[in-house]
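One structure is given here, and the rest of the page talks about it.
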Amino acid sequence: MLIVMAAGGSLALMLGAFGFQYIGGLPPCAMCIWQRYPHVAAIAIGLIALRFGTPLLAWLGAGAAFATAAIGGYHTGVERGWWEGPSTCTSGSISGLSTDELFDQIMNAPLVRCDEVPWEMFGLSMASWNMVISLILMGLWIAAARRPA
Numbered sequence: 004m005l006i007v008m009a010a011g012g013s014l015a016l017m018l019g020a021f022g023f024q025y026i027g028g029l030p031p032c033a034m035c036i037w038q039r040y041p042h043v044a045a046i047a048i049g050l051i052a053l054r055f056g057t058p059l060l061a062w063l064g065a066g067a068a069f070a071t072a073a074i075g076g077y078h079t080g081v082e083r084g085w086w087e088g089p090s091t092c093t094s095g096s097i098s099g100l101s102t103d104e105l106f107d108q109i110m111n112a113p114l115v116r117c118d119e120v121p122w123e124m125f126g127l128s129m130a131s132w133n134m135v136i137s138l139i140l141m142g143l144w145i146a147a148a149r150r151p152a
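Going by my numbering, the first residue of the sequence shown is number 4, and it counts up by one from there.
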């Protein structure tokens with residue numbers, strides 16, 4: 004049951020992300036996409052674990068949940084300006100750039116930047132919510148892994 008809840012939580016987060024993207028019109032940035040991969044892995048691990056049910060699979064699910072939480076935490080820091088994100092999806096510093104270099108940076112900038120918060124609820128961005136919920140899911144995976152067979 005814990006594995007179903009943990010993998011189901013990842014599925015719910017993926018459905019929510021697709022809802023924001025395709026229904027809400029909020030395209031994801033590169034880091035948002037990165038956060039999706041561990042959720043897909045957690046869903047797959049959950050399906051396999053339902054068949055084979057080994058504690059190792061639950062630990063792998065916990066690792067996937069931790070991975071997406073870590074990416075979400077990093078993304079939150081980029082959004083809040085606590086640190087710079089990858090140059091491929093943030094604006095970065097423009098000090099010391101020539102006009103031509105600035106123009107090139109603008110022209111090569113991604114359409115959706117990772118350092119902007121497109122939506123938030125209760126002061127938390129989607130990346131922050133992913134981090135919080137994924138840590139809870141990690142707890143479910145760990146509880147499943149530690150549960151006696």
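Positions of the beta carbon are idealized from the N, C-alpha and C atoms, including for glycine.
Under a Cβ-count criterion, where at least 16 other Cβ atoms within 10 Å of its own Cβ denotes burial, should residue i be classed as buried or exposed?
i, result
"Met124", "exposed"
"Glu119", "exposed"
"Glu104", "exposed"
"Met4", "exposed"
"Ala9", "buried"
"Ala70", "buried"
"Ile136", "buried"
"Gly49", "buried"
"Glu87", "exposed"
"Thr79", "buried"
"Trp85", "exposed"
"Ile26", "exposed"
So, are the CB atoms of residue i and residue j less than 8 angstroms apart?
i, j, result
"Phe23", "Met129", "yes"
"Pro58", "Ala148", "yes"
"Ser13", "Leu143", "no"
"Leu29", "Trp122", "yes"
Please name the residue, chosen from the options, that lies closest to residue i on a Cα-to-Cα basis.
i, options, result
"Val81", "Ala33, Tyr25 and Gly27", "Ala33"
"Trp132", "Cys117, Gly75, Arg150 and Val115", "Gly75"
"Arg39", "Phe55, Gly56, Leu18 and Ala52", "Leu18"
In the region 11 to 64, which residue ranges form an unbroken alpha helix (DSSP H) of at least 4 residues, counting only runs that do not cross its ends?
Here the runs fully enclosed are 33 to 55.
So does the region 28 to 45 actually touch the region 56 to 71, counting three or more Cβ pairs closer than 8 angstroms?
Flag = yes, the region 28 to 45 and the region 56 to 71 touch.
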